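Data block below; observations after.
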Amino acid sequence: MSQNPFEGTKEQMAELLACIEANRGEKGALMPVLHEAQNIYGYLPAEVQTIIAEELNIPLAEVYGVATFYSQFSLTPKGKHKVSICLGTACYVKGSDKILEAVEHELRVRCGECTPDKKFSIESCRCVGACGLAPVMIVDGEVYGRLTPRDVKGILDKYMQD
Amino acid sequence: MINLKINGIPVSVPEGSTILQAAKLANVRIPTLCYLKDVQCVGSCRLCLVEATGARGLVAACVYPVSEGMEVRTNTPRVRKSRKTTIELILSTHKKKCLSCVRSMNCELQKLALEYNAEEDKFGTDHDLKPIDDLSASVVRDNSKCIMCTRCVAACERQTIGAIGPKNRGYAKVIGSPYDVSLAFTPCVNCGQCVVACPVGALYEKSAVADVWGAIVNPDKQVVFYTAPSVRATLGEAFGLPAGTNAEGKMITAIKQLGDVKCFNMDITADLTIMEEANELLDRLNSGKPVPMFTSCCPGWVKFLEHYYPRYIPNLSTCKSPQEMFSAVLKTYYCQKHGIDPKNLYVVSVIPCTAKKFEVAREELGNYTDAALTTRELAKMIKEAGIDFANLPDGEFDKPFGEASGAGAIFGATGGVMEAALRTAAVKLGGKGAPLEFKEVRGTEGVKEAEYTVGKTTVKVAVASGLGNARKVLDAISSGEKDYTFVEIMACPGGCINGGGQPYVHDEVRNNIDLKTLRAQALYDYDADKKIRCSHDTPAVETLYKEFFGEPNSHKAHELLHTTYTKREKY
Numbered sequence: 028m029s030q031n032p033f034e035g036t037k038e039q040m041a042e043l044l045a046c047i048e049a050n051r052g053e054k055g056a057l058m059p060v061l062h063e064a065q066n067i068y069g070y071l072p073a074e075v076q077t078i079i080a081e082e083l084n085i086p087l088a089e090v091y092g093v094a095t096f097y098s099q100f101s102l103t104p105k106g107k108h109k110v111s112i113c114l115g116t117a118c119y120v121k122g123s124d125k126i127l128e129a130v131e132h133e134l135r136v137r138c139g140e141c142t143p144d145k146k147f148s149i150e151s152c153r154c155v156g157a158c159g160l161a162p163v164m165i166v167d168g169e170v171y172g173r174l175t176p177r178d179v180k181g182i183l184d185k186y187m188q189d
Numbered sequence: 026m027i028n029l030k031i032n033g034i035p036v037s038v039p040e041g042s043t044i045l046q047a048a049k050l051a052n053v054r055i056p057t058l059c060y061l062k063d064v065q066c067v068g069s070c071r072l073c074l075v076e077a078t079g080a081r082g083l084v085a086a087c088v089y090p091v092s093e094g095m096e097v098r099t100n101t102p103r104v105r106k107s108r109k110t111t112i113e114l115i116l117s118t119h120k121k122k123c124l125s126c127v128r129s130m131n132c133e134l135q136k137l138a139l140e141y142n143a144e145e146d147k148f149g150t151d152h153d154l155k156p157i158d159d160l161s162a163s164v165v166r167d168n169s170k171c172i173m174c175t176r177c178v179a180a181c182e183r184q185t186i187g188a189i190g191p192k193n194r195g196y197a198k199v200i201g202s203p204y205d206v207s208l209a210f211t212p213c214v215n216c217g218q219c220v221v222a223c224p225v226g227a228l229y230e231k232s233a234v235a236d237v238w239g240a241i242v243n244p245d246k247q248v249v250f251y252t253a254p255s256v257r258a259t260l261g262e263a264f265g266l267p268a269g270t271n272a273e274g275k276m277i278t279a280i281k282q283l284g285d286v287k288c289f290n291m292d293i294t295a296d297l298t299i300m301e302e303a304n305e306l307l308d309r310l311n312s313g314k315p316v317p318m319f320t321s322c323c324p325g326w327v328k329f330l331e332h333y334y335p336r337y338i339p340n341l342s343t344c345k346s347p348q349e350m351f352s353a354v355l356k357t358y359y360c361q362k363h364g365i366d367p368k369n370l371y372v373v374s375v376i377p378c379t380a381k382k383f384e385v386a387r388e389e390l391g392n393y394t395d396a397a398l399t400t401r402e403l404a405k406m407i408k409e410a411g412i413d414f415a416n417l418p419d420g421e422f423d424k425p426f427g428e429a430s431g432a433g434a435i436f437g438a439t440g441g442v443m444e445a446a447l448r449t450a451a452v453k454l455g456g457k458g459a460p461l462e463f464k465e466v467r468g469t470e471g472v473k474e475a476e477y478t479v480g481k482t483t484v485k486v487a488v489a490s491g492l493g494n495a496r497k498v499l500d501a502i503s504s505g506e507k508d509y510t511f512v513e514i515m516a517c518p519g520g521c522i523n524g525g526g527q528p529y530v531h532d533e534v535r536n537n538i539d540l541k542t543l544r545a546q547a548l549y550d551y552d553a554d555k556k557i558r559c560s561h562d563t564p565a566v567e568t569l570y571k572e573f574f575g576e577p578n579s580h581k582a583h584e585l586l587h588t589t590y591t592k593r594e595k596y
């Protein structure tokens, strides 16, 4: 069902099952379990959703429905470095869409996706409270402001090395 | 009791009632769309908005509770404008191919749009055509016509399947199976309750109409129809006859006017099923094979068991369903007797069911059925042939498969298979004077239980309809809380009379009458009028055993009338 092959470890699975056990029988168990599953795997692989559905006795269609409703859940894996471009009003009017385009061009994947070598993933976000620095981009929590599309390559190169 | 006024009409209703319920008592009509009795009550479509004192804005009548002294207005300019705008917004994302739509003239949205004078392009037409999912053997989904009322989702949840749900968010939201998996590859049991819940043309059965027309005009083919027990009780609704009308005679005449075809009575193989099943049950009881035995006539229930309770496969009767028994008999016995090459005999079953279409394709059943038509598809063919159904004279089923028992006819209602089996068991084990009616297993309740002593044997029976109820019974058996001898299960709530292939009934009708009881009553009345009441007295069944099968559970019967089951994964 998923485009990315599932590469979960035994330890991750044990952690997931422990979390399901802790929430079993609770009303509204699905949300906390999905949150934890995303923490464990970095995203919600189809295989993990299937296990959650089976274990909590909830139809897969419902699990998938919740996972695709909330934007903080991701169905695609996250890279080692998370690149986030602010598309909030201030950044947008300062041309952050062009920054996003430059990042997509540089990494050869679209917003919401992960590079095949799992090094980078791109996502967009709404206002990070740094409007004075617009347009901004965040890599692994570090904020880069007053950007032009030309700056993108240099910043990403720093992270390419490791 | 709470006293309130609706459009000035005083009405008293129990505390906790909704405005919609109160309005029904005051005979005031409030339009609904997402509300469906017994299925969904969420107040999301905003069609039933009304003005009510004490409320800040307009409120949704289907969920808003009444209060003492409340005054409700259902017909003010504000209410009418709001409803009209809501309809126009729904129309803006709806694929308006009304002229060629399966639901044209029978569409709840079309009806509301006309009533409220809605402009179809008031807000433009803002939608991308979405892919049609037609890979399932039974159900087709055209999401471009979906209006997100989620009645299908609620119907599927009520069946405890949950094969479909809302996905994504905002404009990207669609109803469907997880990821982009087709319904064909989910644990969907093909019951079609989603189809009869849909107010528009977003869900419909996979049609076999063109194939059947093709066979009728093909000079090499001999076409035989046979009709399932419940079709006589519902077909008339498609032609404006009131719910609960037995239209058997007109149905037969109409089928014979479609072309050079024969029309047989499926009640006969319902009777044959009883003969085989009763013997199987006795054999299980005598040889220590697994009990309780579960009935296997309902293909929705069979697939449910294969997906969700495969450990009970040994308990499922090995009998084929009446449809598959009939087709096997036609392609073997009937062909041999009349010197017909089986490949030139085209067998059409008319059934109230979408799951039967899936059953037709099950290879282990021998693929004896060529096409399965729902009651709706038969009605469509009759209309297409220009037949004036309401004014047809009564016809009779063709020989040798015409005369059947009343027991075979009640197969179409929940409890009917059980009662038919009990009748035969009572006579076989108890002799003359045995009871003919077993009213404890009648009625539309979800789960019914009874205990009977037939001869020297005590049998504990249970009857469930609707898969949520089936689950309750299975779980009670698993936990050891219940211990039955024989269990009848039908996937659709109320049984085949409420099947997924039955005529569309508008929410307004469905919300206000007891459709299941009316339709079932038509079958019980039919049964009461029958000279032959027991399956073993049906002449065609006796002939079949004498000329062909020998005796119930014979080697030949096993070959043609019994089957096997397979454990199925969910995804």
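Sequences listed follow chains A and B, in order. Following our numbering, the numbering of the first sequence begins with 28 at its first residue and continues without gaps. Following our numbering, the numbering of the second sequence begins with 26 at its first residue and continues without gaps. Ideal placement from N, C-alpha and C gives every residue a C-beta, glycine not left out. These numbers were taken from a predicted model, which means no experiment stands behind them.
**Q.** Reduced DSSP secondary structure (H/G/I, E/B, other) of B:Arg-448
**A.** Note: B:Arg-448 maps to helix in three-state DSSP.
Q: Give the interface partners of B:Ile-172 over in chain A, defined as CB-CB distance under 8 Å, in chain order.
A: Correct list: empty, because the minimum Cβ distance to chain A is about 18 Å.
Q: Check each residue of the segment 497 to 521 of chain B: if its Cβ is closer than 8 Å to any Cβ of chain A, include it; give the result in chain order.
A: none
Q.
On the CB-based measure, 16 or more other CB atoms within 10 Å of its CB, does B:Val-38 come out buried or exposed?
A. buried
**Q.** 8 Å CB neighbourhood of B:Asn-32 in its chain, flanking five on each side removed
**A.** Ala-51, Val-53, Val-97, Arg-98, Thr-99, Asn-100
Q: Assign B:Gln-361 to one of three DSSP states: helix, strand, or coil.
A: helix
Q | With 16 other Cβ atoms within 10 Å as the buried cut-off, status of B:Asp-500 | A | exposed
Q) From this set, B:Lys-192, B:Asp-413, B:Ile-34, which residue's C-alpha is nearest B:Ala-48's C-alpha? A) B:Ile-34
Q: State whether the segment 544 to 558 of chain B contacts the segment 409 to 417 of chain B, with contact taken as three or more CB pairs (one from each stretch) at a distance under 8 Å.
A: By the C-beta criterion, the segment 544 to 558 of chain B is judged not to be in contact with the segment 409 to 417 of chain B, since fewer than 3 inter-stretch pairs fall below 8 Å.
Q: Name the residue from B:Leu-447, B:Tyr-229, B:Cys-59 whose alpha carbon lies nearest to the alpha carbon of B:Met-300.
A: B:Leu-447
Q) For A:Glu-48 and chain B, any beta-carbon pair shorter than 7 Å? A) no
Q) According to the Cβ coordinates, are A:Gln-39 and A:Ile-67 closer than 7 Å? A) yes
Q) If we count the other Cβ atoms within 10 Å of its Cβ and call it buried at 16 or more, is B:Met-350 buried or exposed? A) Classified as buried, B:Met-350 has 16 or more neighbouring CB atoms from the shown chains inside 10 Å of its CB.
**Q.** Span of the alpha helix (DSSP H), counted from its first residue to its last, around B:Met-173
**A.** Note, B:Met-173: premise wrong, no alpha helix (DSSP H); not H, not E.
Q) Roughly how far, in whole angstroms, is the beta-carbon of B:Thr-320 from the beta-carbon of B:Ser-352, given that I think they are within contact range, below 8 Å? A) Between B:Ser-352 and B:Thr-320 the Cβ distance is about 19 Å, and since that is not below 8 Å, they are no contact.
Q.
I need the boundaries of the beta strand (DSSP E) containing B:Lys-485, first residue and last residue.
A. 482 to 490
Q. What number of angstroms, rounded off, separates the C-alpha of B:Leu-83 from the C-alpha of B:Thr-150?
A. So the alpha carbons of these two residues sit roughly 27 Å apart.
Q) Excluding sequence positions up to five away, which residues of its chain have a Cβ less than 6 Å from the Cβ of B:Ile-27? A) Val-38, Glu-40, Val-91, Glu-93
Q) Can you list, in chain order, the stretches of the alpha helix (DSSP H) that have 4 or more residues and sit fully within the segment 240 to 269 of chain B? A) 256 to 259
Q: For B:Ile-189, go through chain A and note every residue whose CB falls closer than 8 Å to its CB, in chain order.
A: Ordered by position in chain A, the residues that pass the 8 Å Cβ test against B:Ile-189 are Ala-88.
Q) Which residues bound the alpha helix (DSSP H) around B:Val-479? A) Per DSSP, B:Val-479 belongs to no alpha helix (DSSP H); it is in the beta strand (DSSP E), 472 to 479.
Q) To which residues does DSSP link A:His-108 through a beta bridge? A) A:Phe-147
**Q.** Supposed close pair A:Val-75, A:Leu-43 - CB separation, criterion 8 Å
**A.** Going by Cβ atoms, the distance from A:Val-75 to A:Leu-43 rounds to 7 Å, so yes, they are a contact pair.
Q. Going along chain B, which residues have a C-beta under 8 Å from A:Tyr-68?
A. By Cβ distance, chain B contributes nothing, its closest Cβ being about 17 Å from A:Tyr-68, past 8 Å.
(Q) Does B:Gln-65 come out as helix, strand or coil in the three-state DSSP assignment? (A) strand
Q: For B:Glu-202, go through chain A and note every residue whose CB falls closer than 8 Å to its CB, in chain order.
A: According to the sequence as given, residue 202 of chain B is Ser; it is not Glu. Those within 8 Å of B:Ser-202 in chain A are Ala-88.
Q) Does the beta carbon of A:Thr-142 fall short of 6 Å from some heavy atom of the ligand ATP? A) The model depicted lacks the ligand ATP and carries no ligand whatsoever.
**Q.** Near-chain B residues of the segment 89 to 118 of chain A - C-beta to any C-beta below 7 Å
**A.** For the segment 89 to 118 of chain A, the beta-carbon criterion of a distance under 7 Å to any beta-carbon of chain B is satisfied by Glu-89, Tyr-91, Gly-92, Thr-95, Phe-96.
Q: Please name the residue in B:Leu-492, B:Ala-475, B:Thr-439, B:Lys-485 whose C-alpha comes closest to that of B:Thr-469.
A: B:Thr-439
Q: Please state whether DSSP places B:Gly-201 in a helix, a strand or coil.
A: strand
Q | From B:Thr-294, B:Pro-254, B:Val-248, B:Val-256, residue whose alpha carbon lies closest to that of B:Lys-281 | A | B:Val-248
Q: May I ask which residues mark the beginning and end of the alpha helix (DSSP H) holding B:Ile-514?
A: It is not in any alpha helix (DSSP H) - B:Ile-514 instead sits in the beta strand (DSSP E) that spans 511 to 515.
Q. What is the DSSP secondary structure of A:Tyr-171, counted as helix, strand or coil?
A. Shown here, A:Tyr-171 sits in a strand according to DSSP, grouped into three states.
**Q.** DSSP-derived helix/strand/coil call for A:Met-28
**A.** Because the pLDDT at A:Met-28 is just 47, under 50, the model does not fix this residue reliably, and the value given afterwards should be weighed accordingly. Residue state, collapsed to three classes: coil.
Q) Interface residues of chain A around B:Arg-194 at Cβ under 9 Å? A) Thr-95, Phe-96, Tyr-97, Ser-98
(Q) Buried or exposed for B:Gln-65, going by 16 or more other Cβ atoms inside 10 Å? (A) buried
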